[in-house]
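Participant: Position 194 of the sequence shown, counting from 1, maps to 194 under the UniProt record's numbering, and the rest follow consecutively.
All residues carry an ideal CB built from backbone N, CA and C; glycine is no exception.
Below are the C-alpha cells for one structure; questions will follow.
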Amino acid sequence: MTVSKCDCESVKLAAECLLKGGVAVLPTDTVYGFSGAVDVPGRKRFYSDDRIRAIKGRSESKPLIELIASPKDIYLYTDVKIPQAVMSKWPGALTVIVPVKKDVPLFCDTPCVAFRCPGDEWIRKVIELCGCPVYSTSVNRSGSPVLDTISAIKDEFGSEADLIVEDGDKKGCLPSTLVRINGEKIEVLRQGSVTV
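See below:
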C-alpha cells in the first residue's frame, strides 16, 4: 500500500501499520527509512526488527536507530546525562549512541542503542501515536547504495514493505550525524547534516 505524506490519514495509517508489526518505508528529516515499532516491556513483541533485517540482509550484530518523539524521551531508556550541546540539536538530524537502562530490551550484541529525535514533525506524530520508539534504517540492501527516489524504492521493495509513505525524492540528502556519548565527551562517528 502506498499513501502520500500529505494525506490527512497518513499519520494514522503509518502508526496502525507499525503497531500491527508491519514494516513501513517512511520519510524522515534525512532519507527514507525502513521503520517498525520497537518492543518495549509490558507490550506484545512486534518482531519488526527481525523483518527489517531480513528485508535488508542486515546482520544482527548491527543495531538499528530508534526514533523518539521528544528529546526528553531519551531518559526513559538511559541514565546517561546528555550534554546540552547535543540536546540543543534536537529535534534534528543527530543520532546519539548511549548505554541503555538494564530493563530496556536489546536485540543486538551491544549494550548501547542509537537514538534520534527527528526534525520532521510528521514522523514525530507517528512515533507519538505508536507510544513507543520507532526503528529507522536506510532503504537499501546491506552494502548497496541508499535508495533516494520513490520510483527506485517501489521497484526494489514495493512487494516487501507493508506501507510506503511518499514525500517526494530525497536526492542529495545527508544522513544524520552520529555521535557516541562517553561521559562528558562527545565522539563524532559520522559527520552528517548537523554539526556538534
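Based on Cα-Cα distance, which residue from 145, 56, 84 and 172 lies nearest to residue 23?
Facilitator: 56
Participant: Restricting to Cα atoms, I'd like to know which of 64, 132, 164 and 117 is closest to residue 13.
Facilitator: 164
Participant: Taking all protein chains shown into account, do 16 or more other C-beta atoms lie within 10 angstroms of the C-beta of residue 54, making it buried, or fewer, making it exposed?
Facilitator: exposed
Participant: So who's on the other strand from residue 16, going by DSSP bridges?
Facilitator: According to DSSP, residue 16 bridges with nothing at all.
Participant: When you compare each of 63, 112, 20 and 31 to residue 47 by their alpha carbons, which one comes out closest?
Facilitator: 20
Participant: Within its chain, find whatever has a CB closer than 8 Å to the CB of residue 31; leave out the 5 residues flanking it on each side and keep chain order.
Facilitator: Excluding five sequence positions before and after residue 31, the CB atoms of its chain that fall closer than 8 Å to its own CB belong to 138, 139, 146, 148, 170, 173 and 175, given in chain order.
Participant: Taking C-alpha atoms, which residue in 9, 4 and 34 lies nearest to residue 157?
Facilitator: 34
Participant: Would you kindly report the start and end of the unbroken beta strand (DSSP E) that includes residue 112?
Facilitator: 112 to 116
Participant: Whole angstroms are fine: how far does the CA of residue 62 sit from the CA of residue 180?
Facilitator: 15 Å
Participant: Closest by CA to residue 89, which one among 110, 123, 64 and 115?
Facilitator: 115
Participant: Can you tell which of 76, 112, 85 and 68 has the C-alpha that lies nearest to the C-alpha of residue 118?
Facilitator: 68
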